[in-house]
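Heads up, the sequence shown is in the UniProt record's numbering, so the first residue is 1 and it goes up one at a time.
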Amino acid sequence: MDQEEEHEVYGAEIPDEVDMDEQQQQQQHNPIDNPNKELGDMKKRLKQIEDEAAALRELQAKVEKEMGAAQEDPVGSSATQAEKEEVDARSIYVGNVDYACTPEEVQQHFQSCGTVNRVTILTDKFGQPKGFAYVEFVEVDAVQNAILLNESELHGRQLKVSAKRTNVPGMKQYYGRRPMGFRGRRPFMPPPFYPPAGFG
C-alpha cells in the first residue's frame, strides 16, 4: 500500500530510452537545433557587430578630429567672422513687414536699390512670420539706396529700413543707461491725522 501512495505522488511516466534516442536524432537532423551550427552563426553575427563598431569608432574619431581642428584654428573662425561682417555690410534690416508678405514681394520692393542676393523673413518656432526681414544685396552701395526707402509702404504697412548691424558674440553693447546706484528718495511720510468730528 505504501508503494501505491508513492506512485501516486510521482505521477509522471518514466521516459523510455527509445524516446531519448529519437530526440537526439532530431537534434542532429534539424539545423536550427544543431549546437555547432548555432555557434557558427553566433560567431558570424559577433564578427559583423564588431566590424560595425569598429567602423563607428573610426567615423567618430574622424569627426572629433575635424571638430578639434576647427576649434583650434582661430584664423578660420576670424575669417568666418570677417565674412559675416562683409555680408552684414551688404544687408539691411526691414521692420514692420506684413505677415502675408512673401520674400519675392520684398525682393521686388528693393529691386530698384540694387541686385538682391537673398531675402530672409524670420519666423518663430511654429513657422509664423515675426514681422521683420533681412535683405542681402550683391553691392555695398545698394544699402544706402535701400535706406532711402525707409517709411515706404508695402502691403499697406510703413516699412522701417536700417543698415543691419553685426552681432559680436559675447560683446554686449552699452546703450548709456543710468547706473542703478543711489537714488534720492524721500522718507515715508504718514498721512496727516484728522480727529473725527465731534471731538473738541
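Using N, Cα and C, we set each Cβ at its ideal position, and we do this for glycine too. The structure presented is a predicted model; accordingly, all values stated were derived computationally and were not measured.
Legend entry - Complete runs of the alpha helix (DSSP H) confined to the UniProt domain "RRM" (90-166) [at least 4 residues]: Within the UniProt domain "RRM" (90-166), complete alpha helix (DSSP H) segments of at least 4 residues are found at 103-110 and 141-147, given in chain order.
Legend entry - Inter-residue Cα distance where the pair is leucine 56 and proline 129: The residue given as residue 56 occupies position 56 in the sequence shown. The residue given as residue 129 occupies position 129 in the sequence shown. Straight across, the Cα-Cα distance linking leucine 56 with proline 129 is about 41 Å.
Inset, instruction - Determine, using beta-carbon pairs with one atom in the segment 36-56 and one in the segment 94-110, whether at least three such pairs fall under 8 Å. - result: They do not touch, by the three-pair rule.
Legend entry - glutamate 151 versus alanine 61: straight-line alpha-carbon distance, rounded: Position 151 of the sequence shown holds residue 151. Position 61 of the sequence shown holds residue 61. So the alpha carbons of these two residues sit roughly 54 Å apart.
Legend entry - Sub-8 Å separation of threonine 115 and glutamate 83 beta-carbons: On the sequence shown, position 115 is the one that residue 115 refers to. On the sequence shown, position 83 is the one that residue 83 refers to. Cβ distance not < 8 Å, so threonine 115 and glutamate 83 don't count as in contact.
Inset, instruction - Quick one: grab the DSSP three-state call for proline 191. - result: By 1-based counting over the sequence shown, the position of residue 191 is 191. DSSP places proline 191 in coil when its eight states are reduced to three.
Inset, instruction - With DSSP collapsed to three states, give me the class of alanine 197. - result: Position 197 of the sequence shown, counting from 1, holds the residue named residue 197. Reduced to three states, the DSSP call for alanine 197 is coil.
Inset, instruction - Return the residue from the list Val97, Gln158 and Phe137 that minimises the CA-CA distance to glutamate 86. - result: Here residue 86 refers to the residue found at position 86 of the sequence shown. If we check each option's Cα against that of glutamate 86, Phe137 comes out closest.
Inset, instruction - Leaving aside the five residues before and after alanine 163 along the sequence, list all residues of the same chain whose C-beta is less than 7 Å from its C-beta, in chain order. - result: For the purposes of this step, residue 163 is taken as the residue at position 163 of the sequence shown. Closer than 7 Å at Cβ, skipping near neighbours: Ile92, Val143 and Ile147.
Legend entry - Cβ neighbours of arginine 45 in the same chain (closer than 7 Å, five flanking residues each side left out): Working through the sequence shown from its first residue, we reach residue 45 at position 45. Apart from the 5 residues on each side of it in sequence, arginine 45 has no Cβ closer than 7 Å to any other Cβ in its chain.
Legend entry - Residue from Arg90, Tyr99 and Ser112 whose Cα sits closest to the Cα of arginine 118: Within the sequence shown, numbered from 1, the residue matching residue 118 stands at position 118. Among Arg90, Tyr99 and Ser112, the Cα nearest to that of arginine 118 is on Arg90.
Inset, instruction - Could you work out which residue in Gly40, Ile121, Tyr194 and Tyr134 is closest to tyrosine 99 when comparing CA atoms only? - result: If you number the sequence shown from 1, residue 99 lands on position 99. Per the Cα distances, Ile121.
Inset, instruction - Answer yes or no: do leucine 159 and glycine 68 have a C-beta to C-beta separation smaller than 8 Å? - result: On the sequence shown, residue 159 is found 159 positions in, with the first residue counted as 1. On the sequence shown, residue 68 is found 68 positions in, with the first residue counted as 1. In this structure, glycine 68 does not lie closer than 8 Å to leucine 159 by Cβ.
Legend entry - Exposed unless 16 or more other CB atoms sit within 10 angstroms - verdict on alanine 133: Within the sequence shown, residue 133 is the residue found at index 133, counting from 1. Buried, because 16 or more other Cβ atoms sit within 10 Å of the Cβ of alanine 133.
Inset, instruction - Within the same chain, show all residues whose beta-carbon is closer than 6 Å to that of residue 246, passing over the 5 residues directly before and after it, in chain order. - result: Limits of the chain in this structure are 1 at one end and 200 at the other, which puts residue 246 out of reach.
Legend entry - For leucine 59 and methionine 42, the rounded distance between their alpha carbons: The sequence position of residue 42 within the sequence shown is 42, counting from 1. The sequence position of residue 59 within the sequence shown is 59, counting from 1. Between methionine 42 and leucine 59, the C-alpha separation is close to 26 Å.
Legend entry - Assigned secondary structure, asparagine 36 (DSSP; H/G/I helix, E/B strand, else coil): For the purposes of this step, residue 36 is identified with residue 36 of the sequence shown, where counting begins at 1. Residue state, collapsed to three classes: helix.
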